[in-house]
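Just so we're aligned, residue -2 is where the sequence shown starts under our numbering, counting upward by one.
Ideal Cβ positions, reconstructed from N, Cα and C, are used throughout, including at glycine.
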Amino acid sequence: MELINEESASELLQAQTHVWNHIFNFINSMTLKCAVQLGIPDVIHKHGKPMTLSDLVSSLPIHPSKTQYVHRIMRILVHSGFFSQQNNDQEIYSLSQSSRLLLEDNPLSIRSLVLMLLDPVLTKPWDCLSTWFRNDEVAAFSVAHGKTIWEYTGQDPRLNNLFNAAMASDSILVSKVLVSKCKGIFEGANFLVDVGGDVGTMAKAISEAFPHIHCTVFDLPHVVSDLQGSKN
């Protein structure tokens, strides 16, 4: 093997670091999911002011044997931009704009989107990506689960409810931008059909902003079956 000079050694080290960063990128996603499941953003928000590590630990629904690890997950979440940290006698945490989008009572919350996209059912297809490339299946989801995502959600009420909640939360945020910044695309339109429009959150926002437009939503039976009596 040829001797490595100082310049090439530096380049190799940077290349190795790049690979390592991508290997461990999943940690950022999983700690975000953990924060939502433990309700960390809501706990800090309800505290009403920046929260010390000790107060945070005592307020979380965790086993006593795990309290010593809270600061580790918070270090990752701070590094990822979900919380800000002040260092006095001990760490003090406050919300960022990103973590405010994870609050349960925020009308624009996308916490359900986090939980849905990082659910094991949705992440497993990514582990089957190379297998998918080697066969003629239309989607990696079918490789992972032996059925389409629509067949799966039609048979799994938990995932169906999570999927619908996630799509609705995403639509709420997007629709507010759509009806305020893209008004021109609706000029002259009298009818709108949203095919695969889930529970109708986007169509509802459009019809409220533009009452002259008659909106119709089409989706699968298991998606719309519980909407009777709702305003959608």
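Counted within 10 angstroms of its Cβ, other Cβ atoms place residue i as buried (16 or more) or exposed
i	result
Phe138	buried
Tyr149	buried
Ser5	exposed
Ala200	buried
Leu10	exposed
Ala32	buried
Arg108	buried
Ser177	exposed
Glu205	exposed
His209	exposed
Backbone CA spacing between residue i and residue j [nearest angstrom]
i	j	result
Gly45	Tyr90	11 angstroms
Glu101	Ser7	46 angstroms
Ser95	Phe80	8 angstroms
Ile146	Thr120	12 angstroms
Leu74	Ser166	22 angstroms
Asp216	Leu92	37 angstroms
Val192	Asn85	54 angstroms
Thr14	Met71	23 angstroms
Thr198	Ile169	7 angstroms
Asn103	Arg97	7 angstroms
Counterpart residues of residue i in DSSP-defined beta bridges
i	result
Met92	The sequence shown places Leu at residue 92, not Met. In the DSSP output, where bridge partners are listed per residue, Leu92 has Phe80.
Asp191	Val214
Thr150	None, per the DSSP bridge assignment.
Met48	Tyr90
Delimiting residues of the beta strand (DSSP E) encompassing residue i
i	result
His211	211 to 215
Continuous alpha helix (DSSP H) stretch holding residue i: start and end
i	result
Glu205	198 to 206
Val111	108 to 114
Gln34	22 to 35
Val118	117 to 124
Phe138	137 to 142
Across the region 40 to 57 and the region 120 to 134, are there enough close Cβ pairs to call them in contact, namely three or more that are closer than 8 angstroms?
no
ask   = Taking one C-beta from the region 182 to 191 and one from the region 155 to 162 each time, how about it: are there three or more such pairs within less than 8 angstroms?
value = no
With a cut-off of 8 angstroms, do at least 3 Cβ pairs link the region 11 to 27 to the region 57 to 65?
-> no
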